[in-house]
Amino acid sequence: MQHPVTAPPIPERVRSLAAGAAPTHVSVAGSALPAAAVRGGVDAQGRPVLLVKPAELLYDLTDEIVVTVDLVATRAIDGVDRARGMLKVRGWAQPVPPEQIRDTAIAISERCPDEDLFAAIESRGPRLLRVDAAQVVYLTGQESGVLDAEDYFTAAPDPLLDAAERILHHVNSSHRPQLVHAMTALLGTPVPNAWIWELDRYGTTIRTAPDHLLRLPWPTPITSPDELEHALASLMCPNRH
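Using full-length UniProt numbering, read the sequence shown as starting at 1 and increasing by one per residue.
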């Protein structure tokens, strides 16, 4: 009997986390300077993009320099952002080429909007720096480890990531009573704090308590947003289909 794949491969999962993560701190290798707070996002290739303002660390960068960037992916639970994955990306920072600044700023603004991105496009103070990763340390609460650059960059985020995030947000914000009822019936005990924590083509992860995550795999991998929506609806309302 063939068992279902219960979770995405680690490289895919890390790329999915990175796609929705925001930079929080950057440090310079071999420097005694403390890590500095930083803003920005992650581009479509998985590279952290740092939005730095005058007088901030790395603002005067003209050549490559080795840095470590902390990325944090969060999930809003009852109105509070909770960390669901932390990444440390070590690699080479360099200015985004002038001809790529506009596209880069627009790309990261979709997940990490910031008014200073428009100023960077117009060269009015803030600059964009890009980090070409050499390795990525990941910590998700369930798994931890290190990916080298080849494994990280040859992987891709879940192809249903955008649809999954939209569906997840809709259920968590509008249909939690049904989710709580379904999880209570499934577990045979009240689960008043059930929230969808992860949703992907291989299954869903339910946060049933602050320190407990329940993974529920699909029978087979999902291949379209419609299938994903149907699978989640069947889980929440099993007698409806």
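For each residue, glycine too, the CB sits at the ideal point set by N, CA and C. From a predicted model like this one, the values you see are computed outputs, not experimental measurements.
### Query
S27 by DSSP, collapsed to three states: which one?
strand
### Query
Buried or exposed: R82, going by 16 or more other Cβ atoms within 10 Å of its Cβ?
exposed
### Task
Have a look at P159 and D200 and give me their C-alpha separation to the nearest angstrom.
9 Å
### Query
Between which two residues does the alpha helix (DSSP H) carrying S16 extend?
I10 to A19
### Task
Would you tell me roughly how many angstroms separate the C-alpha atoms of H241 and T220, rounded to the nearest one?
Reliability fails at H241, whose pLDDT of 47 lies under 50, so the model's placement of it is uncertain and the value that follows must be treated cautiously. Computed Cα separation, rounded: 17 Å.
### Task
Enumerate in chain order the residues of its own chain whose CB-to-CB distance from R13 is below 6 Å, with the five nearest sequence positions on each side excluded.
none
### Message
Does T74 come out as helix, strand or coil in the three-state DSSP assignment?
### Response
strand
### Query
Under the rule that 16 or more other beta-carbon atoms within 10 Å means buried, what is E99, buried or exposed?
exposed
#### Entry: When P34, C237, H230 and P113 are compared against D43, the one with the closest alpha-carbon
P113
### Task
Kindly indicate which three-state DSSP category E99 falls into: helix, strand or coil?
helix
### Query
Can you find a CB in chain B that lies within less than 8 Å of the CB of C237?
No chain B is part of this structure, which consists of one protein chain only.
### Query
In terms of residue numbering, what span does the alpha helix (DSSP H) encompassing A119 cover?
D116 to I121
### Query
Shortest alpha-carbon distance to R111 belongs to which of I101, T205, G20 and S234?
G20
### Same chain, Cβ closer than 8 Å to P8, neighbours up to 5 away in sequence not counted
S16, D158, D200, R201 and Y202
### Query
Can you give the Cα-Cα distance for M1 and L216, rounded to whole angstroms?
Any reading at M1 must be qualified, since the residue scores a pLDDT of 43, below 50, and its modelled position is unreliable; the value itself is stated next. So the alpha carbons of these two residues sit roughly 19 Å apart.
### Query
What does DSSP give as the partner residues of V131 in its beta bridges?
A93
#### Entry: Complete runs of the beta strand (DSSP E) confined to the region 182 to 241 [at least 3 residues]
195 to 200, 203 to 209 and 212 to 217
### Query
According to the Cβ coordinates, are L228 and A149 closer than 8 Å?
no
### Task
Would you tell me roughly how many angstroms separate the C-alpha atoms of L235 and V80, rounded to the nearest one?
26 Å
### Whole-number beta carbon distance between T189 and E198, since they are thought to touch under 8 Å
Between T189 and E198 the Cβ distance is about 22 Å, and since that is not below 8 Å, they are no contact.
### Task
Using 10 angstroms around the beta-carbon of R84, count the other beta-carbons present and answer buried if the total reaches 16, otherwise exposed.
buried
### Query
By Cβ distance below 8 Å, which residues in the same chain neighbour H175 in space, the five residues on each side in sequence not counted?
M236
### Backbone secondary structure at T154 - three-state DSSP
helix
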